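Structure first, then comments.
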Amino acid sequence: MLHVEGVGKRFGSGDQVVVALEDASLSVADGEFAALVGPSGCGKTTLLNLIAGLEDVDEGRIVVDGETPSAEDRLTRFGYMPQQDLLFPWRTVLENVSLGLEVQGVPKGEARSRAAELFPQFGLGGFEDRRPHELSGGMRQRASFLRTYLLGRPFLLLDEPFGALDSITRGQLQTWLAETWNRIGGSALLVTHDPHEAVALSDRVFVMSPRPGRIVNVLDVDLPRPRTARAAETEAAHHLIDALRHETEEVEPQP
Numbered sequence: 003m004l005h006v007e008g009v010g011k012r013f014g015s016g017d018q019v020v021v022a023l024e025d026a027s028l029s030v031a032d033g034e035f036a037a038l039v040g041p042s043g044c045g046k047t048t049l050l051n052l053i054a055g056l057e058d059v060d061e062g063r064i065v066v067d068g069e070t071p072s073a074e075d076r077l078t079r080f081g082y083m084p085q086q087d088l089l090f091p092w093r094t095v096l097e098n099v100s101l102g103l104e105v106q107g108v109p110k111g112e113a114r115s116r117a118a119e120l121f122p123q124f125g126l127g128g129f130e131d132r133r134p135h136e137l138s139g140g141m142r143q144r145a146s147f148l149r150t151y152l153l154g155r156p157f158l159l160l161d162e163p164f165g166a167l168d169s170i171t172r173g174q175l176q177t178w179l180a181e182t183w184n185r186i187g188g189s190a191l192l193v194t195h196d197p198h199e200a201v202a203l204s205d206r207v208f209v210m211s212p213r214p215g216r217i218v219n220v221l222d223v224d225l226p227r228p229r230t231a232r233a234a235e236t237e238a239a240h241h242l243i244d245a246l247r248h249e250t251e252e253v254e255p256q257p
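The sequence shown stops at residue 257 when you use this note's numbering, and every number in between is there.
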């Protein structure tokens, strides 16, 4: 289980200090898929980076399964998928997907064998030897997700993984991720700007304030699991999406 307790983060020094987060707190239970929404610049990605161990907190603490690991230790506790797929153009898709395992010390042959076994399940069968430029945007994101999943971390951090895609492809990948999550399970925290995406995928949605960011509301998504694409089109889902859209509009900074 993840607990973020009163976390604060500042950047810069002296008169140039920017307070990115202040007293930010949230919890994600084992097996829960949570989403994090809020206005641009409110610190969503900063909070994800702190949880992942890419940055360290200035105030508060991050508790994982009852422990308070250092930032360095958190690097090994979470799987992190950024918005950009970060596939190396000179490597094949299979070589890209297996790279994380190889960095962990898994022999190259074993890493690629383990990755190749999952290509059909992730809609990548037959594309093992292609280069990233030969894949659609959606396929590149599936490859990036598989690379993250293969690390074997029980908790995934997803930073707007579909944000750069067109609306049709984004909708297709939301459906794909919901179906994939039904199969693989685990815990996740998703950063998104899209209320529909947050409701379609998550069990709870945390709403952040403008900078300095903190959690100002939590919306429970009481939709059945296993989740399907149709679940997000029900009347109950539309009520939740409208409520979340209202919540996010309430915290948008005024011009």
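We put the beta carbon where it would ideally sit given N, CA and C, even for glycine. Given the structure is predicted, the values throughout are model-derived calculations rather than measurements.
Check whether residue i and residue j have beta carbons under 8 Å apart
i	j	result
V99	L137	no
R144	G173	no
T194	V39	yes
F35	D224	no
L49	L77	no
L103	R93	no
Cutoff 7 Å; reference residue i; Cβ partners in own chain excluding five residues on either side
i	result
C44	M210, S211, P212, R213, G215
R60	For the sequence presented, residue 60 should be read as Asp rather than Arg. Once the five neighbours on either side are set aside, the close Cβ partners of D60 are G10, K11, R12.
R247	P197
A239	V201, L225, A233
A118	L96, E130
F90	N98
D25	G8, G10, R216
G140	L167, T171, Q174, L175
Start-to-end residues for the beta strand (DSSP E) that takes in residue i
i	result
V207	206 to 210
M83	80 to 83
A190	189 to 193
Contacting residues, own chain, Cβ-Cβ under 6 Å from residue i (five flanking each side not counted)
i	result
N51	E57
R229	A180
F208	L28, L38, I217, V220
F164	R172, L175
A73	G55, D58
Y82	A54, L159
P84	D161
Sequence-distant residues of the same chain with beta carbon closer than 8 Å to residue i, five excluded per side
i	result
R79	G55, V66, P71, R155, F157
G33	G187, G188, S189
Straight-line Cα distance separating residue j from residue i
i	j	result
R227	N184	8 Å
G128	L159	28 Å
E69	K46	23 Å
T182	G16	47 Å
E249	H241	12 Å
D87	L152	15 Å
L101	A113	8 Å
F121	V20	43 Å
T245	E251	The sequence given here places Ala at residue 245; Thr does not occur at that position. Whole-angstrom Cα-Cα distance: 10 Å.
G62	R132	45 Å
E235	L192	20 Å
K110	Q123	21 Å
Range covered by the alpha helix (DSSP H) that runs through residue i
i	result
V105	101 to 105
R114	110 to 120
E199	197 to 203
Residue i: CB within 7 Å of a non-hydrogen atom of the ligand ATP
i	result
P109	With respect to the ligand ATP, the structure shown offers nothing to examine, as it has no ligands at all.
Handout entry: Segments of 4+ residues assigned as alpha helix (DSSP H) that fall wholly inside the stretch 136 to 184
Key = 139 to 151
Exercise for the section: Could I get the ranges of all uninterrupted alpha helix (DSSP H) runs contained in the stretch 13 to 80, with 4 residues as the minimum, in chain order? Expected result: 46 to 54, 73 to 76
Exercise for the section: Tell me the start and end of each unbroken alpha helix (DSSP H) in the stretch 211 to 244 that is at least 4 residues and wholly inside, in chain order. Expected result: none
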